[in-house]
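*Asks:* The following block contains the structure, expressed as structure tokens.
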Amino acid sequence: MSRIQTSVTRLLGVRSPIVAAPMAGASTVRLALEASRGGGFGFTAAGYGDAQMLHSDLQVARTVSSVEMRHGLPIGVGFLGWQLDQQPSALDMLRTVRNSDVQAVWFAFGKDLGRWINHVRELDSHADDGRKTIIFVQVNSLREALVAVHEWKVDVLVAQGIESGGHGNGSAPSTFTLVSSILSALPHSGPPVLAAGGLANGTHAAAYLTLGCAGAVFGTRFLLTPESLYTDAQKAALISAGPESTVRTMAFDQARGTLGWPNGVDGRAIRNETVADVEAGVDMQEVKKKFQEAVNGGDPTRMLVWAGEGVHLMREIKGAKVLVEEIHSEMVLALESAGLLVQHD
Ligand SMILES: Cc1cc2nc3c(=O)[nH]c(=O)nc-3n(C[C@H](O)[C@H](O)[C@H](O)COP(=O)(O)O)c2cc1C
């Protein structure tokens, strides 16, 4: 397998600049480990959980990957900033991550991410192994990117555009525009920038590499793996989605009661009856009741299926390791083909 070398593959010590995004309610440590085994780098998500849940997840990861532990546990953990802000065991969660030798953390969607980043750095400085946790921060605007780089001095910047699946800022530019504006504003010595949002295959990832990104983040694509927590019904909805099937909405957060996101954040999901009811002004108690019934009964017409705009190009379920290998091969092919366009007279 050819290696693709960028600043982020060097930082992570991996052969492919493909990152499996942390996805609350969908990622697992097994998904993250398999993505890393495929040559990329996988994240699991702390999501709405607490220190105890994270501890048992990471115990499993350490057990199954004991052979690969020489450079730390080869996965990352993604945190939702606003959940940490209200989680009594937040500091324990960060300590658990550090004590489990997790290589990287990812922060997004918080009012004060700098506070949590400082905690991670303090934990690093008090440890006696000299290892530094690699800090990823996901941003939705150039303004956020500049704070992350200049104030928090993050190690990796994830530029998440409006096409992305799951939560993001509803006013974010397209991934292409966001990446371009961030790359042109950062100094050459700035951190690696990864593109996130709407990517479905290796050709997409290669395009972002030629734009100047150091890597590519895939979320929705990894929902279609046996390792994701998505149900068969949710996966079937993803596979049958068309180019106009998704919508940015707060309907599902209202229906399931996950409110508290920073201003401007909503989420991209497959449009269905739950969204239609909220848009039509149906009483929220009624929406919640029907949504809960749909969750219990696996009703595909009302359930929640987060998905990015690239979903209509995804048609198969396959293991996360094979998926990374396949996306990587597509990237290699696309990058080599791009090189052939240049003719020196
Ligand atoms: C089901 C799902 C859950 C997500 N959960 C999180 C999360 O917990 N933290 C986070 O920073 N981003 C989360 N995201 C966003 C991803 O990090 C990533 O930016 C996004 O999936 C990229 O767009 P794509 O889905 O079009 O590939 C989630 C996305 C999905 C699809």
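Heads up: the sequence shown runs through residues 1105 to 1449, numbered per the numbering used here.
The beta-carbon is built from N, C-alpha and C at its ideal position, and this holds for glycine as well.
These numbers were taken from a predicted model, which means no experiment stands behind them.
Please state the DSSP three-state secondary structure of Arg-1419.
*Replies:* Three-state DSSP puts Arg-1419 in coil, outside helix and strand.
*Asks:* Specify, as a first and last residue, the run of the beta strand (DSSP E) that Ala-1212 falls within.
*Replies:* Its beta strand (DSSP E) spans residues 1206-1212.
*Asks:* One question on the structure: do Val-1260 and Ala-1300 come within less than 9 angstroms of each other, judged by their Cβ atoms?
*Replies:* No, the Cβ-Cβ distance between Val-1260 and Ala-1300 is not below 9 angstroms.
*Asks:* Helix, strand or coil: how does DSSP classify Leu-1409 here?
*Replies:* For the record, residue 1409 in the displayed sequence is Val; it is not Leu. In this structure, Val-1409 counts as coil in the three-state DSSP scheme.
*Asks:* Taking the C-alpha atoms as reference points, what is the distance between Asp-1196 and Ala-1155?
*Replies:* Answer to the nearest angstrom: the Cα atoms are 6 angstroms apart.
*Asks:* What first and last residue would you give for the beta strand (DSSP E) that runs through Arg-1225?
*Replies:* Run containing Arg-1225: none in the beta strand (DSSP E); it sits in the alpha helix (DSSP H), 1217-1230.
*Asks:* Indicate, with yes or no, if ligand 1 has a heavy atom lying under 8 angstroms from the CB of Thr-1324.
*Replies:* Indeed, a heavy atom of ligand 1 lies less than 8 angstroms from the Cβ.
*Asks:* What are the start and end residues of the alpha helix (DSSP H) that includes His-1271?
*Replies:* That residue, His-1271, is in no alpha helix (DSSP H); its beta strand (DSSP E) goes 1270-1273.
*Asks:* Inspect the beta-carbon positions of Ile-1122 and Phe-1322 and report whether they are closer than 9 angstroms.
*Replies:* Yes, these two residues count as a Cβ contact at 9 angstroms.
*Asks:* Does the Cβ of Gly-1117 have 16 or more other Cβ atoms within 10 Å, making it buried, or fewer, making it exposed?
*Replies:* With fewer than 16 Cβ atoms within 10 Å of its Cβ, Gly-1117 is classed as exposed.
*Asks:* Tell me the DSSP bridge mates of Phe-1240?
*Replies:* Answer is Trp-1210, Val-1260, bridged to Phe-1240.
*Asks:* Please report how far the alpha carbon of Arg-1325 lies from the alpha carbon of Ala-1337, in whole angstroms.
*Replies:* The alpha-carbon atoms of Arg-1325 and Ala-1337 are separated by roughly 16 angstroms.
*Asks:* Run through the DSSP bridge pairs and tell me what Gly-1180 is partnered with.
*Replies:* Answer is Phe-1147, Ala-1208, bridged to Gly-1180.
*Asks:* If you compare alpha carbons, which of Ala-1442, Ala-1340, Val-1206 is closest to His-1416?
*Replies:* Ranking Ala-1442, Ala-1340, Val-1206 by Cα distance to His-1416 puts Ala-1340 first.
*Asks:* Taking the beta carbon of Gly-1234 as the centre, do at least 16 other beta carbons fall within 10 Å, making it buried, or is it exposed?
*Replies:* Gly-1234 comes out exposed.
*Asks:* Count the other C-beta atoms from every protein chain shown that fall within 10 angstroms of the C-beta of Leu-1444, then say buried if there are 16 or more, exposed otherwise.
*Replies:* It is exposed - the Cβ of Leu-1444 has fewer than 16 other Cβ atoms within 10 Å.
*Asks:* Just mark Thr-1113 as buried or exposed, buried being the case when its beta carbon has 16 or more other beta carbons within 10 Å.
*Replies:* The residue is buried, with at least 16 neighbouring Cβ atoms inside 10 Å.
*Asks:* Closer than 8 angstroms: is that where the CB of Phe-1213 sits relative to any heavy atom of ligand 1?
*Replies:* Phe-1213: yes, Cβ under 8 angstroms from ligand 1.
*Asks:* So Ala-1340 is in the alpha helix (DSSP H); what residue range does that whole segment cover?
*Replies:* Where Ala-1340 is concerned, the enclosing alpha helix (DSSP H) stretches over 1336-1343.
*Asks:* Going by beta carbon distance, what residues of the same chain come within less than 8 angstroms of Gly-1423, once the five residues before and after it are set aside?
*Replies:* Glu-1138, Thr-1329, Pro-1330, Glu-1331.
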